[in-house]
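Using full-length UniProt numbering, read the sequence shown as starting at 1 and increasing by one per residue.
Glycine included, every Cβ here is placed at the ideal spot set by N, Cα and C.
The structure appears right after this line, and notes come after that.
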Amino acid sequence: MLNIVSSSRYKINRKLVKTVFSEVLTGYGIPDNAIFNLIFVGKKKMKDISAKYKKENVALPVLSFAYNDRMKNPDSESPFGEIFICYPQAVLLAAERQKKVDIIMTQLIKHGIENILK
Numbered sequence: 001m002l003n004i005v006s007s008s009r010y011k012i013n014r015k016l017v018k019t020v021f022s023e024v025l026t027g028y029g030i031p032d033n034a035i036f037n038l039i040f041v042g043k044k045k046m047k048d049i050s051a052k053y054k055k056e057n058v059a060l061p062v063l064s065f066a067y068n069d070r071m072k073n074p075d076s077e078s079p080f081g082e083i084f085i086c087y088p089q090a091v092l093l094a095a096e097r098q099k100k101v102d103i104i105m106t107q108l109i110k111h112g113i114e115n116i117l118k
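Listed below in structure tokens is the structure:
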């Protein structure tokens, strides 16, 4: 199960996000009922999270956090992890790379999931 947390000002293609999550989890052999939290934040919030947990004073495009208890006990109902995506940074990356925001968003989501599962 995917919990998406986002401000209404961010245009999130929820259908795409759920499809990407499902495909990546299937590729890793993780069941669809696995719980993940996907949180879309702004630059200021991402900078705060990055400073607190990575000791970097920048707004990173994506940060992911695995819950170690879940990895030890996959049958529990706690989340596998959380993925924070900085929506403004994703838009900037898309502009820099001359790609659609949905493509960059897909790449960031895949990257976040891979970091949690490794």
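Subject >> Nearest neighbour of I109, chosen from M46, R97, K52 and C86 [CA to CA] >> reply: Closest by alpha carbon: C86.
Original post:
Nearest to Y67 by CA position, among V41, F21, D32 and N37, is which residue?
Top reply: Measuring C-alpha to C-alpha distances from Y67 to each of V41, F21, D32 and N37 identifies N37 as the nearest.
Original post:
When you compare each of K18, K100 and V24 to I116 by their alpha carbons, which one comes out closest?
Top reply: Of all alpha-carbon atoms in K18, K100 and V24, the one lying nearest the alpha-carbon of I116 is that of V24.
Original post:
Looking only at its own chain, which residues have a Cβ that is under 7 Å from the Cβ of P79, when we skip the five neighbours before and after it?
Top reply: Within the same chain, I35, F36, N37, Y67 and R70 come within 7 Å of P79 by CB-CB distance, once the 5 residues on both sides are set aside.
Subject >> Contacting residues, own chain, Cβ-Cβ under 8 Å from R97 (five flanking each side not counted) >> reply: These residues qualify, in order along the chain: I104.
Original post:
Considering only residues of the stretch 18 to 86, which uninterrupted beta strand (DSSP E) runs meet the minimum length of 3 residues and lie entirely inside it, listed in chain order?
Top reply: Listed in chain order, the complete beta strand (DSSP E) runs (minimum 3 residues) inside the stretch 18 to 86 are 36 to 41, 62 to 66 and 81 to 86.
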